[in-house]
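Since the structure comes first, as structure tokens, the remarks are kept for the end.
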Ligand code: HEM
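Chains as they are written, first to last, in the numbering used here: chain A, 1 to 529; chain B, 1001 to 1335.
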């Protein structure tokens, strides 16, 4: 059905950029460049570049995905990493070169689709085209004769061409349908533009932040409360939404037996929150797929972990530290976790501990103490003690102990809840007093969520229309022949390569012939022969 | 902290489903063998002007005009070209066996779902089985609708390879899901992508067949003799058309699947799009298929060039489904 393609010739005009102009000056060159940019071939190339450019973004660690992985990459490839960074390869999707590709693509798209939209708007208002003289040359052409009058034939044809827009030209009807396809195509492409704009606006005005909250603690949505925050260019971080919440309880459940023992089955965090200082307290059950929405900000549950509680006493037995300390897990299967306890205010020398927490401690065959299950069935902690200067004047991570200015105190035995390790040299004692859990959360304000969803939905709708509406034209001509009978010609032209156009045209023809036969008293056309 | 028992797994159902999968693989392997015989030894005959060609139009062999019984004289300027394909009795039997394998596959998935008490495409193994189900479903559809059962000899190859990999390396017992998958968007998202992926698979395999057939045709046009299966392949126009059809079906579904995934990601991880490797690759596939659709609308790109883009798209889909899980780390820890 390749010849039916001629109907889409308009696209192919744009597909073949003309030769560069000679001696036309700036305007001519600009026009030429514009034609190239908005041609289908350029669109194809840009689409390819868009796909190819995305590949490094999946191979190399990306800052948007995980800053930690990028840091690790820097440590492992100290020579290469700065070079990669020079080409923005750790920030592919916000890099200038990637932006150049998609911005060009979208300029091309606008330049291609807007004129088409205008042309289509005119076409929708225009009358169907004049009936061609030689209907026999159309991809589908049929003829038959009938005893009905030409006028009656055309009247009947109007009834058969349901859903077509019909125009009478002399002894013929010209009809067209499927206008929606072009509209769908324009809708789809414009929706993509809309999607891009929504995403851009969301990125400029939104923010995303990470925080860690221990059971029984609270959180206030202000800049210093965050462990990390990633604001957009135009986000005012001094005026974040003034909500607060309190983590009342957290429960993680794991599968207890079978092959899948230890796989998490659910996480539930109970929150009490207030939208603003004046607002009423409300409750929310935070689960993995059930975020808290407050004042346009979403708060999500990302992960969880253990925060063992420690009580540290000085040599006199006075409590100098009593806190739950979040530990980071090494692996989800056992939740063996690492953490650091820093005790700056002992009165004397500062204390520091590097700890390993095992939620379900058991001895393995080698006699080592390991965790065999992520739930806290038999929690135990081992500590490595240090005494001296924590060096806390410099900013440092709460998960790392700088032991440069400290001397070792040795290693504790495995401590169960309630156990106390008496530090050597009368340095005091540390008690493993209990286990709390913490949740790691993410807050996110992205104004693009709904606009982007709307644009994407419109795009799908437009796409379906584009792909499945078949524009087509049908002509019917009725002329009285020399023998006094009426010759009827039906011709059809499908404008897409969709199958079934000809079948449909034939169906129209047979229906028309059938009705005329009924009108003229059941005589089928060929009974005359 | 509480502990829950694992959701009870229905053992009888679980073992039934394991038996079914073996039966299904045997059925597909037998069907492939028979299809291959048809492809190699079947007589290359013209397909009847069926659904692809206008009904009752140009009915006479090779003729463009004809008068049907109502006295309507019809002239179709371009029929879809004559479509030829090797046919033999073996193909019919093969088709029957494929239908059987398909039924076994449906039964396998249902019983596994009952065994685990949830929707049954929650891990890589189940995912592969479902993908193959769709691909074979697409094959059956094409066989009945487009008389394209000759595709069996090609589509069943990746199906068997994937099922083999699934059973050999990716098998896990039925069981519950990790919490991130507890959302009704997950089945919607994954189902859409599996269906689209299965259709892309049929289209990609058909596209590869097209490329070979197209070359054979070109060489035949030069007067060369083309030996072997390459010379007996179905007509390129028909293959091109079928592979395009499957993309028309799959592309919007893929688009929808990505959107459903974004909605789920928004619920689960707090961002609807985060450029995680799985997301990057589904985006790449989407762009490549958009390029395919544009290529078909661009002068000078239809035919083999566009089909190469299709094959590339198929490669990215497969890479995404199977390699990305193992090559890159990401949040989509589905495996
Ligand atoms: C983000 C990039 C783009 C995507 C995802 C996209 C996607 C699509 C899709 C899916 C179709 C339907 C094809 C069909 O009817 O079979 C289409 C058609 C079309 N696109 Fe795009 N497009 C993009 C950019 C562009 C650009 C930059 C141009 C202009 C140069 C363009 C011009 C067209 C035209 C003219 C058609 C109609 C083709 C026809 O009538 O068959 N598109 N596009």
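Every residue, glycine too, gets a C-beta built ideally from N, C-alpha and C. Everything numeric in this text was worked out from a predicted model, so none of it was measured.
Residue 1109 of chain B: buried (16+ other C-beta within 10 angstroms of its C-beta) or exposed?
Against the second chain, residue 1109 of chain B aligns to sequence position 109. Per the 10 Å Cβ criterion, buried.
Quick one: residues in its chain with C-beta nearer than 6 Å to the C-beta of residue 1302 of chain B, no 5 flanking neighbours on either side, listed in chain order?
Here residue 1302 of chain B is taken as the residue at index 302 of the second chain, counted from 1. So the qualifying residues of the chain are 1296.
Step through the CB atoms of chain A and report whether any lies within less than 9 Å of the CB of residue 1311 of chain B.
In the second chain, residue 1311 of chain B corresponds to position 311, counting from 1. Output row for residue 1311 of chain B: interface = no.
Which runs of the beta strand (DSSP E) spanning at least 3 residues fall entirely within the stretch 384 to 415 of chain A, listed in chain order?
With a minimum length of 3 residues, the continuous beta strand (DSSP E) runs that stay inside the stretch 384 to 415 of chain A are 406 to 411.
Is residue 211 of chain A helix, strand or coil by DSSP?
As a first step, residue 211 of chain A is located in the first chain; it is residue number 211 there, counting from the start. In the structure shown, residue 211 of chain A sits in a strand (DSSP, three-state: E or B).
Can you name, in chain order, every residue of its own chain whose Cβ lies under 6 Å from the Cβ of residue 204 of chain A, other than the five neighbours on each side?
Locating residue 204 of chain A in the first chain gives position 204, where the first residue counts as 1. Within the same chain, residue 204 of chain A has close Cβ partners 232, 233, 234.
Does the beta carbon of residue 145 of chain A sit closer than 9 Å to a beta carbon anywhere in chain B?
In the first chain, residue 145 of chain A corresponds to position 145, counting from 1. So, interface residue.
At 3 residues or longer, what runs of the beta strand (DSSP E) sit wholly inside the stretch 1186 to 1249 of chain B?
Correct list: empty.
Would a check of beta-carbon distances place residue 288 of chain A closer than 9 Å to chain B?
By 1-based counting over the first chain, the position of residue 288 of chain A is 288. Yes, because at least one Cβ of chain B sits closer than 9 Å to the Cβ of residue 288 of chain A.
Looking at the unbroken beta strand (DSSP E) that takes in residue 531 of chain A, where does it start and where does it end?
Coverage of chain A is limited to positions 1 through 529, which leaves residue 531 of chain A absent and any answer about it impossible.
DSSP puts residue 154 of chain A in a beta bridge; with which residues?
As a position in the first chain, residue 154 of chain A is number 154, starting the count at 1. Paired residues: none, contrary to the question.
Rounded to whole angstroms, what is the Cα-Cα separation between residue 1183 of chain B and residue 1040 of chain B?
To locate residue 1183 of chain B, count along the second chain from 1; it is residue 183. To locate residue 1040 of chain B, count along the second chain from 1; it is residue 40. Each residue's Cα considered, the two are about 48 Å apart.
In whole angstroms, give me the CA-to-CA distance for residue 1264 of chain B and residue 1161 of chain B.
On the second chain, residue 1264 of chain B is found 264 positions in, with the first residue counted as 1. On the second chain, residue 1161 of chain B is found 161 positions in, with the first residue counted as 1. Approximately 31 Å between the Cα atoms of the pair.
Mind listing, in chain order, the continuous beta strand (DSSP E) runs of no fewer than 3 residues lying wholly within the stretch 157 to 219 of chain A?
If we require 3 residues or more, the beta strand (DSSP E) runs fully inside the stretch 157 to 219 of chain A come out as 165 to 169, 172 to 177, 207 to 214.
Tell me which residues of the stretch 160 to 192 of chain A have at least one Cβ-Cβ distance to chain C shorter than 8 Å, keeping chain order.
The chain inventory of the structure shown lacks chain C, comprising the protein chains A and B.
Give me the DSSP bridge partner(s) of residue 530 of chain A.
Any property of residue 530 of chain A remains undetermined from this structure, which presents chain A solely from 1 to 529.
Secondary structure at residue 515 of chain A, three-state DSSP: helix, strand or coil?
Within the first chain, the letter at position 515 stands for residue 515 of chain A. It is helical.
Under three-state DSSP, which class holds residue 78 of chain A?
One-based indexing of the first chain puts residue 78 of chain A at position 78. If DSSP states are grouped into helix, strand and coil, residue 78 of chain A belongs with coil.
Does any CB atom of chain B fall closer than 9 Å to the CB of residue 36 of chain A?
As a working mapping, residue 36 of chain A is identified with position 36 in the first chain. No, no contact with chain B.
Return the CA-CA distance between residue 305 of chain A and residue 341 of chain A, expressed in angstroms with no decimal places.
Here residue 305 of chain A refers to the residue found at position 305 of the first chain. Here residue 341 of chain A refers to the residue found at position 341 of the first chain. C-alpha separation (whole angstroms): 16 Å.
What did DSSP end up calling residue 225 of chain A once you bin it into helix, strand or coil?
In the first chain, residue 225 of chain A corresponds to position 225, counting from 1. Helix, per DSSP.
Suppose the cutoff is 6 Å on Cβ atoms and the five residues either side in sequence are ignored; what does the same chain contact list for residue 249 of chain A look like?
As a position in the first chain, residue 249 of chain A is number 249, starting the count at 1. Taken in chain order, the residues that qualify are 270.
Below 8 Å, how does it come out for the stretch 1211 to 1229 of chain B and the stretch 438 to 449 of chain A: are there three or more Cβ pairs, yes or no?
The stretch 1211 to 1229 of chain B, when compared against the stretch 438 to 449 of chain A, does not touch it at the 8 Å Cβ threshold.
Would you decide whether residue 137 of chain A is buried or exposed? Buried here means 16 or more other CB atoms lie within 10 Å of its CB.
In the first chain, residue 137 of chain A corresponds to position 137, counting from 1. So residue 137 of chain A counts as exposed.
Does DSSP classify residue 1015 of chain B as helix, strand or coil?
Taking the first residue of the second chain as 1, we reach residue 1015 of chain B at position 15. In this structure, residue 1015 of chain B counts as helix in the three-state DSSP scheme.
Would you say residue 406 of chain A lies against chain B (beta-carbon separation less than 9 Å)?
By 1-based counting over the first chain, the position of residue 406 of chain A is 406. No, its Cβ sits nowhere closer than 9 Å to a Cβ of chain B.
Can you find a CB in chain B that lies within less than 9 Å of the CB of residue 92 of chain A?
Taking the first chain and counting its residues from 1, one reaches residue 92 of chain A at position 92. Output row for residue 92 of chain A: interface = yes.
Rounded to a whole number of angstroms, what is the C-alpha to C-alpha distance between residue 67 of chain A and residue 179 of chain A?
By one-based count along the first chain, residue 67 of chain A stands at place 67. By one-based count along the first chain, residue 179 of chain A stands at place 179. Taking the straight line from one Cα to the other gives about 50 Å.
I want to check one thing, is the minimum distance from the CB of residue 392 of chain A to the heavy atoms of ligand 1 below 8 Å?
Locating residue 392 of chain A in the first chain gives position 392, where the first residue counts as 1. Every heavy atom of ligand 1 is 8 Å or more from the Cβ of residue 392 of chain A, so no.
Interface residues of chain A around residue 1294 of chain B at Cβ under 8 Å?
The residue labelled residue 1294 of chain B in the question sits at position 294 within the second chain. Under the 8 Å cutoff, chain A gives 40, 43, 44, 47.
With a CB to CB cut of under 8 Å and the five nearest residues on each side skipped, what residues in its chain are close to residue 1027 of chain B?
Stepping through the second chain from its first residue, residue 1027 of chain B is reached at position 27. Excluding sequence neighbours, residue 1027 of chain B sits near 1097, 1098, 1100, 1101, 1104.
Which stretch, first to last residue, makes up the beta strand (DSSP E) that contains residue 36 of chain A?
Position 36 of the first chain, counted from the first residue, corresponds to residue 36 of chain A. Careful: residue 36 of chain A lies outside any beta strand (DSSP E), inside the alpha helix (DSSP H) at 25 to 37.
State the Cα-Cα distance for the pair residue 1290 of chain B and residue 477 of chain A, rounded to the nearest angstrom.
Here residue 1290 of chain B is taken as the residue at index 290 of the second chain, counted from 1. Here residue 477 of chain A is taken as the residue at index 477 of the first chain, counted from 1. About 40 Å.
For residue 1272 of chain B, go through chain A and note every residue whose CB falls closer than 9 Å to its CB, in chain order.
Here residue 1272 of chain B corresponds to residue number 272 of the second chain, with the count starting at 1. Simply 446, 448, 449, 452, 453.
Is there a C-beta anywhere in chain B that falls below 9 Å from the one on residue 497 of chain A?
Against the first chain, residue 497 of chain A aligns to sequence position 497. Interface residue, yes.
How about residue 436 of chain A and residue 268 of chain A: do their beta carbons lie closer than 9 Å?
In the first chain, residue 436 of chain A corresponds to position 436, counting from 1. In the first chain, residue 268 of chain A corresponds to position 268, counting from 1. No; because the gap between Cβ atoms is not below 9 Å, this pair is not in contact.
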